[in-house]
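Q: In the numbering used here, the protein residues as written are 18 to 449.
(1) Can you give the Cα-Cα distance for residue 200 and residue 248, rounded to whole angstroms?
(2) Tell me the DSSP bridge mates of residue 289?
(3) Where residue 425 and residue 266 are concerned, what is the direct C-alpha to C-alpha distance, given to the nearest angstrom?
(4) Taking only three categories from DSSP, how would you classify residue 448?
(5) In whole angstroms, what separates the C-alpha of residue 448 from that of residue 405?
(6) Look up residue 333 in the DSSP assignment and say whether it is helix, strand or coil.
(7) If we call anything under 9 Å between Cβ atoms a contact, is residue 167 one with residue 177?
(8) What do you reckon, are the CB atoms on residue 192 and residue 61 nearer than 9 Å?
(9) Under the DSSP definition of a beta bridge, which residues are partnered with residue 389?
(10) Can you give, in chain order, each stretch of the alpha helix (DSSP H) that sits fully within the region 228-263 and has at least 4 residues?
(11) For the alpha helix (DSSP H) holding residue 453, just list the boundary residues, first then last.
(12) In the structure shown, what three-state DSSP assignment does residue 415 receive?
(13) Does the structure place the region 319-333 close enough to the region 394-413 that three or more beta carbon pairs sit under 8 Å?
(14) Can you have a look at residue 391 and say buried or exposed, based on whether 16 or more other CB atoms are within 10 angstroms of its CB?
(15) For residue 175, count neighbouring C-beta atoms within 10 Å of its own C-beta (all shown protein chains included) and say buried if the count is 16 or more, exposed if not.
(16) Looking at residue 372: is its Cβ nearer than 9 Å to the Cβ of residue 347?
(17) From what residue to what residue does the alpha helix (DSSP H) around residue 186 run?
(18) Measure the alpha-carbon distance for residue 367 versus residue 299 and round it to whole angstroms.
(19) Can you give me the C-alpha to C-alpha distance between residue 260 and residue 312, rounded to a whole angstrom?
(20) What are the boundary residues of the alpha helix (DSSP H) that includes residue 305?
(21) With respect to the beta strand (DSSP E) encompassing residue 130, which residues constitute its N-terminal and C-terminal limits?
(22) Would you kindly work out how many angstroms separate the C-alpha atoms of residue 427 and residue 315, rounded to a whole number?
(23) What residue range does the beta strand (DSSP E) around residue 100 cover?
(24) Under a three-way DSSP split, which group does residue 409 fall into?
(25) Could you check the C-alpha separation between residue 102 and residue 74 for me, to the nearest Å?
(26) By Cβ distance below 8 Å, which residues in the same chain neighbour residue 70 in space, the five residues on each side in sequence not counted?
(27) In terms of residues, what are the limits of the beta strand (DSSP E) holding residue 164?
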């Protein structure tokens, strides 16, 4: 399909009111291996004394075992990932008898402190009540047995599997007296202990409690309500944090990978107020440094147009930030969108009305570049292929392991570096 015809099928940001409004630019969208089963696997990997029991056909159970067998956190071939493989009889008449037999064997071999019963698509289709089975097994064996539903036909990626697995951990928690600790919920990428936020917390005398799913154990999950505050570093952690706030009164701060220095500063203020501690002086210093970096970048970035792909930064907050720097969004790729009244959405629409399409399908986009003619591409693409069209690639994968003002500093530097390259490409004759 030629570029102009493809663009004519796209929608503008102002036309998007819900996720289903976001058009896909090819008739088939390959979701890859990233189904919710993968998400559940990633989450249980971070709970060192829990066992993952996958219930499904041989394809799903083989995939999970093959993926975990070389992972040291799961313990290899005889490690914490086990399977209940369903045959045609089980699919027809249900898996209850087989599950109870398998669970008895699991308890003898592993003696786990908690078990996650992870269903797959076929279990959801036949309608087995695995939730009630889990409750009965929990009562029988005296350990938490938590059910996680991972039907792929309701989702487009693996993130619901991560979210539902960590939310299921709520059932393990118990009321506790408060201590000088924080929980970190939703860490997906990078090492939290390498972040600016972690360093400032430690220097303020704050200890880490439950870190889910990046690294914890069943006992820490049970004691999670002792934390003064939950730090949610990705929206997948919000359902659990909201449940904990309602049940235990634990406040939470959504401290995602934001770029705006003002927003990050406000989050630091909120966090240290909940901790009943003075905000570190270094936060003030980093805030001034970030504002200066942003101000200095405006001249370089003014008028730069771009296509937004997949980055580790919050999509619409980042786009609103770039718009306020004087940049022009030509096309935004995303899997979700906020309400039209969202502040970030409004900040973008006040100046521009970019096209919006589904994320992670870059092949059909090749013909669009010649129509939209952006200066920059943010996300995953082939840098050399972009250069031939005088488009510079903005690298942002390194930001995956950052939280705090360091996100702003790194993002602005990557934008200005790419903008300088884009200007050089524009001045060169022909395609370089």
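The beta carbon of each residue, even a glycine, is placed where N, CA and C say it ideally should be.
Here the structure is a predicted model, which means the values were calculated and not measured.
A: Quick look at the numbers:
(1) Taking the first residue of the chain shown as position 1, residue 200 is located at position 183. Taking the first residue of the chain shown as position 1, residue 248 is located at position 231. Spanning the two alpha carbons is a distance of roughly 6 Å.
(2) Numbered from its first residue, the chain shown carries residue 289 at position 272. Note: residue 289 sits in no beta bridge, so no partner.
(3) Taking the first residue of the chain shown as position 1, residue 425 is located at position 408. Taking the first residue of the chain shown as position 1, residue 266 is located at position 249. Cα-Cα distance, rounded: 32 Å.
(4) What you label residue 448 is simply residue 431 of the chain shown in a count that begins at 1. Note that residue 448 has pLDDT 44, beneath the 50 cutoff, so the model's placement of it is unreliable and no number is given.
(5) As a first step, residue 448 is located in the chain shown; it is residue number 431 there, counting from the start. As a first step, residue 405 is located in the chain shown; it is residue number 388 there, counting from the start. With a pLDDT of only 44 at residue 448, under the threshold of 50, the placement of this residue in the model should not be trusted; the figure read from the coordinates follows. Roughly 5 Å separates the two Cα atoms.
(6) Here residue 333 refers to the residue found at position 316 when the chain shown is read from its first residue. It is helical.
(7) Looking up residue 167 in the chain shown gives position 150. Looking up residue 177 in the chain shown gives position 160. Yes; because the gap between Cβ atoms is below 9 Å, this pair is in contact.
(8) Counting from one through the chain shown, the residue named residue 192 turns up at place 175. Counting from one through the chain shown, the residue named residue 61 turns up at place 44. For the 9 Å CB-CB criterion, residue 192 and residue 61 do not form a contact.
(9) Reading the chain shown from its first residue, position 372 is the one you call residue 389. The partner list for residue 389 (beta bridge, DSSP) is empty, contrary to what the question assumes.
(10) Annotation note: the region 228-263 contains the following uninterrupted alpha helix (DSSP H) runs of length 4 or greater, listed N- to C-terminal: 235-239.
(11) Because the chain is modelled from 18 through 449, residue 453 falls outside the range shown and cannot be assessed.
(12) Within the chain shown, the letter at position 398 stands for residue 415. Three-state DSSP puts residue 415 in a helix.
(13) Between the region 394-413 and the region 319-333 there are three or more inter-stretch CB-CB distances shorter than 8 Å, so the stretches are counted as touching.
(14) Numbered from its first residue, the chain shown carries residue 391 at position 374. Under this definition residue 391 is a buried residue.
(15) The sequence position of residue 175 within the chain shown is 158, counting from 1. By the neighbour-count rule (16 or more Cβ atoms within 10 Å), residue 175 is buried.
(16) As a working mapping, residue 372 is identified with position 355 in the chain shown. As a working mapping, residue 347 is identified with position 330 in the chain shown. Yes, they are a contact pair.
(17) Here residue 186 corresponds to residue number 169 of the chain shown, with the count starting at 1. Premise fails: residue 186 is in no alpha helix (DSSP H) and is neither H nor E.
(18) Walking along the chain shown from the start, residue 367 turns up at place 350. Walking along the chain shown from the start, residue 299 turns up at place 282. Take the alpha-carbon of residue 367 and the one of residue 299: they are about 34 Å apart.
(19) Counting from one through the chain shown, the residue named residue 260 turns up at place 243. Counting from one through the chain shown, the residue named residue 312 turns up at place 295. Taking the straight line from one Cα to the other gives about 40 Å.
(20) By one-based count along the chain shown, residue 305 stands at place 288. 298-318 is the extent of the alpha helix (DSSP H) around residue 305.
(21) For this step, residue 130 is matched to residue 113 along the chain shown. Here residue 130 belongs to no beta strand (DSSP E), and DSSP marks it neither H nor E.
(22) Within the chain shown, the letter at position 410 stands for residue 427. Within the chain shown, the letter at position 298 stands for residue 315. Rounded to the nearest angstrom, the two C-alpha atoms are 15 Å apart.
(23) Along the chain shown, one-based indexing puts residue 100 at 83. First-last of the beta strand (DSSP E) with residue 100: 98-102.
(24) On the chain shown, residue 409 is found 392 positions in, with the first residue counted as 1. Looking at residue 409 - three-state DSSP - the assignment turns out to be strand.
(25) Looking up residue 102 in the chain shown gives position 85. Looking up residue 74 in the chain shown gives position 57. Computed Cα separation, rounded: 5 Å.
(26) Within the chain shown, the letter at position 53 stands for residue 70. Within the same chain, residue 70 has close Cβ partners 99, 100, 101, 119, 120, 123, 132, 133, 134, 135.
(27) If you number the chain shown from 1, residue 164 lands on position 147. 162-165 is the extent of the beta strand (DSSP E) around residue 164.
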